[in-house]
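Participant: One structure follows; several queries about it will come next.
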């Protein structure tokens, strides 16, 4: 059984933030995404989930265990 601390998320930038509001571009940058198709792994926390919710139209999210 995975606990909250064990779960991670792989976030991939699938659409360019060019042409979107500055807050959305900065959120993508704060997630650590710099290029198209780049992926980063973050812990599954409410803060990260909130950032993903703001740019859900630009990213793809996969849940990882362990």
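Residue numbers (this note's numbering): 639 to 704. All C-beta atoms, glycine included, are put in the ideal place defined by N, C-alpha and C.
1) Given that a residue counts as buried once 16 or more other Cβ atoms are within 10 Å of its Cβ, and exposed if not, what is residue 664?
2) Do the stretch 665-684 and the stretch 648-657 touch if we need at least three Cβ pairs shorter than 8 Å?
3) DSSP on residue 648, reduced to helix/strand/coil?
4) Out of 685, 684, 692 and 676, state which residue places its alpha-carbon closest to the alpha-carbon of residue 649.
5) So, does the CB of residue 645 fall closer than 8 Å to a CB anywhere in chain B?
Facilitator: If we stick to the structure as given:
1) exposed
2) yes
3) strand
4) 676
5) Checking the listed chains, one finds no chain B in this structure; it contains a single protein chain.
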